[in-house]
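First the structure, in the form of structure tokens, and then the observations on it.
2 protein chains.
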Amino acid sequence: MVPVQPPLPPPIPPGAVTVPDPVPDRDAEPAAEGALARSQAARRRRVLDATLQLAAAGGFDAVQMRDVAAAADVALGTVYRYFASKERLLLEAMAEQQADLRAYLEVHPPREPTPAARVVSVLRGANHSLREFPDVTAAMVRSFGTAQIENADIVRRVTEIMTGIITSAIHAPERRAATENEVRVARILMQVWLSSLNGWVCGVDGPDRVDDDLAAAAALLLP
Amino acid sequence: MVPVQPPLPPPIPPGAVTVPDPVPDRDAEPAAEGALARSQAARRRRVLDATLQLAAAGGFDAVQMRDVAAAADVALGTVYRYFASKERLLLEAMAEQQADLRAYLEVHPPREPTPAARVVSVLRGANHSLREFPDVTAAMVRSFGTAQIENADIVRRVTEIMTGIITSAIHAPERRAATENEVRVARILMQVWLSSLNGWVCGVDGPDRVDDDLAAAAALLLP
DNA sequence: GCGAAAATCAGAACGTGTTCCAATTCCGAT
DNA sequence: ATCGGAATTGGAACACGTTCTGATTTTCGC
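Next up, the structure:
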């Protein structure tokens with residue numbers, strides 16, 4: 001079992017949190033020009049980094065909005081200008097993490113011969129990374145489980161990314177549209193994944209259970 | 224599709240909340256004798272009823288501990304003596320609801336000819352009831368999704384009841400031990416169920432999606 | 001450069017979950 | 001009937017997410 005090396009980004013290299021890269025605010029936006037946009041992107045990034053840093057230390061409860069603001073060197077009100085709630089903040093971080101995983105897998109698709117083996121390989125790799133920062137995972141999964149209507153958009157984005165990752169694994173390395181049935185199976189696997197993660201971060205099951213659940217489901221649902 | 228009639232208990236007949244039945248505190252405890260135990264059981268019940276009543280009105284946010292205490296005619300501290308947190312309060316209500324469903328199904332097992340059809344029938348019936356009180360469902364599912372380590376026991380209880388309901392449906396009406404494979408399948412279906420409910424209460428999907436997801440999963444996993 | 005508009009800041013303030021405490025009431029054994 | 005201990009009460013107090021406000025700074029079009 002080759003552990004897919006760096007699927008999820010580490011929650012933060014503990015130094016260098018000031019003035020990171022001037023990426024555009026969200027993925028897919030045409031990179032607004034001025035200095036404002038630049039400093040805003042930097043601020044947003046600092047807030048997200050501070051969030052991950054705090055979550056890595058003590059999980060959901062350690063992500064206190066006043067601390068996030070302080071660590072990001074930003075006023076509390078500014079945090080709320082960028083992220084409408086603590087929940088949203090963590091969900092955006094989760095979406096970013098999943099998007100990073102997807103990007104990584106596009107460069108390093110799984111090589112196993114069968115769909116089931118590929119799916120298991122990808123998800124094991126992801127879980128491996130999640131297990132290295134259990135508190136970050138717990139914070140994100142918990143936010144996911146608490147989600148309200150006002151965050152439906154990010155929740156949807158996260159589930160779509162996860163489903164996309166799984167469908168890609170099903171028919172990787174060939175890149176073609178997924179069949180209707182593949183999408184159904186991928187959705188089920190994503191649901192199993194989320195529920196299983198929830199069971200883990202709640203302390204109901206050990207972390208291995210996540211891998212086991214997914215392996216069992218993949219074996220039953222995929223050739 | 225015969226909607227299984229009253230699988231989940233209605234959140235409360237809006238009247239008659241004072242001094243309900245003196246059932247023993249939890250299921251399976253030998254009904255302690257004295258007046259103390261009796262009044263305690265009544266108190267506990269009032270608190271749970273008040274919780275459901277408030278949840279039915281406005282969901283998770285409407286269940287405010289001070290209001291629960293007032294509605295149950297009990298001091299705030301007493302609520303916390305019985306339920307260590309708001310989350311726990313809602314999870315215990317959820318466990319009770321699921322236990323009621325299980326009890327109902329023992330009397331009215333599904334009659335369909337195939338395991339898949341029986342499972343779909345049972346879960347559709349349950350969903351039908353859940354949809355009648357969406358705010359109650361949302362409150363419970365949300366508590367489930369937020370669960371912490373200190374509530375691992377109830378979370379486990381709930382998942383076990385749900386899994387048990389599904390395994391029973393798989394091989395109902397004959398009552399025998401479930402095979403290892405049936406348990407695996409039941410667990411996957413339970414996870415799909417929970418995830419799907421989460422998607423519904425988050426506003427990501429419509430309520431029909433829950434039925435659809437379960438039907439699709441059952442079709443893929445069961446004969 | 002200059003002025004208007006937007007963004008940010010610092011901090012107060014509010015609501016709700018949770019904890020704590022002193023006073024009181026209730027139960028059960030003597 | 002009474003005493004001791006446990007349960008309950010009413011309410012204050014605290015923590016943290018969230019909102020609000022007025023002052024200050026930054027950005028951009030002129």
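Protein chains in written order, with the numbering used here: chain A, 1 to 223; chain B, 224 to 446. Here a beta-carbon is modelled for each residue, glycine too, at the ideal position from N, C-alpha and C. Remember, predicted model here, so these are calculated numbers, not experimental data.
- [ ] Specify, as a first and last residue, the run of the alpha helix (DSSP H) that I377(B) falls within.
- [x] For the purposes of this step, residue 377(B) is identified with residue 154 of the second sequence, where counting begins at 1. 375-394 is the span of the alpha helix (DSSP H), which, as asked, contains I377(B).
Open item on the list: I'd like to know whether the C-beta atoms of T167(A) and V183(A) end up nearer to each other than 8 Å.
Closed with: For the purposes of this step, residue 167(A) is identified with residue 167 of the first sequence, where counting begins at 1. For the purposes of this step, residue 183(A) is identified with residue 183 of the first sequence, where counting begins at 1. It is a contact, given that the beta carbons lie within the stated cut-off.
Open item on the list: Is it buried or exposed, P110(A), if we count other Cβ atoms within 10 angstroms and call 16 or more buried?
Closed with: Taking the first sequence and counting its residues from 1, the one referred to as residue 110(A) is at position 110. Counting the other CB atoms within 10 Å of its CB gives P110(A) a total of 16 or more, which places it among the buried residues.
Open item on the list: Does any residue of chain B have a CB that is nearer than 8 Å to the CB of G203(A)?
Closed with: Position 203 of the first sequence, counted from the first residue, corresponds to residue 203(A). So yes, G203(A) belongs to the interface.
- [ ] Tell me, please, whether the CB atom of A178(A) is closer than 8 Å to any CB atom in chain B?
- [x] In the first sequence, the residue the question calls residue 178(A) occupies position 178. By this cut-off, A178(A) is not an interface position.
TODO: Go ahead and pull the three-state DSSP assignment for V185(A).
DONE: Numbered from 1 along the first sequence, position 185 holds the residue referred to as residue 185(A). It is helical.
TODO: Name the two residues that bound the continuous alpha helix (DSSP H) containing P332(B).
DONE: Here residue 332(B) refers to the residue found at position 109 of the second sequence. P332(B): not part of any alpha helix (DSSP H); DSSP gives it neither H nor E.
Open item on the list: The alpha helix (DSSP H) that contains P207(A), what's its start and end?
Closed with: Residue 207(A) sits at position 207 when you count from the first residue of the first sequence. Note, P207(A): premise wrong, no alpha helix (DSSP H); not H, not E.
Task: chain A contact for A409(B) (CB, 8 Å cutoff) - done: Locating residue 409(B) in the second sequence gives position 186, counting from the first residue. No, A409(B) lies away from the interface with chain A (no Cβ there is under 8 Å from its Cβ).
Task: Proximal residues to M413(B) (C-beta, below 7 Å), its chain only, five neighbours per side dropped - done: Locating residue 413(B) in the second sequence gives position 190, where the first residue counts as 1. Cβ neighbours of M413(B) beyond the five flanking positions: T382, M385, T386, I389.
Open item on the list: Any beta carbon from chain B within less than 8 Å of A217(A)'s own beta carbon?
Closed with: The residue given as residue 217(A) occupies position 217 in the first sequence. Closer than 8 Å: yes.
Open item on the list: For R210(A) and A273(B), what's the separation of their Cα atoms in angstroms?
Closed with: In the first sequence, the residue the question calls residue 210(A) occupies position 210. In the second sequence, the residue the question calls residue 273(B) occupies position 50. Correcting the residue type first, residue 210(A) is Val in the shown sequence and not Arg. In a straight line, the C-alpha of V210(A) is about 36 Å away from that of A273(B).
Task: L90(A) versus V74(A) - alpha carbon distance - done: The residue given as residue 90(A) occupies position 90 in the first sequence. The residue given as residue 74(A) occupies position 74 in the first sequence. L90(A) and V74(A): Cα-Cα distance of roughly 17 Å.
TODO: Out of A139(A), Q148(A), S196(A), R88(A), point me to the one whose CA is closest to A225(A)'s CA.
DONE: The structure shown does not extend to residue 225(A), since chain A spans only 1 to 223, so no value can be given for it.
Open item on the list: Restricting to Cα atoms, I'd like to know which of F306(B), A322(B), V342(B), D428(B) is closest to L380(B).
Closed with: Translated into the one-based positions of the second sequence, residue 380(B) becomes position 157. What sits at residue 380(B) in the sequence shown is Arg, not Leu. The shortest C-alpha separation from R380(B) is found at A322(B).
Task: Residue nearest to L437(B) in terms of C-alpha spacing, selected from V330(B), A326(B), G300(B), R341(B) - done: Here residue 437(B) refers to the residue found at position 214 of the second sequence. Ranking the options by Cα distance to L437(B), first place goes to R341(B).
Open item on the list: Below 8 Å on the Cβ atoms is my contact criterion, and I expect I377(B) with R311(B) to pass it. Report the Cβ-Cβ distance as a whole number of Å.
Closed with: Against the second sequence, residue 377(B) aligns to sequence position 154. Against the second sequence, residue 311(B) aligns to sequence position 88. So it is a contact: roughly 7 Å between Cβ atoms.
Open item on the list: Please state the DSSP three-state secondary structure of F356(B).
Closed with: If you number the second sequence from 1, residue 356(B) lands on position 133. Of the three classes helix, strand and coil, the one that applies to F356(B) here is coil, per DSSP.
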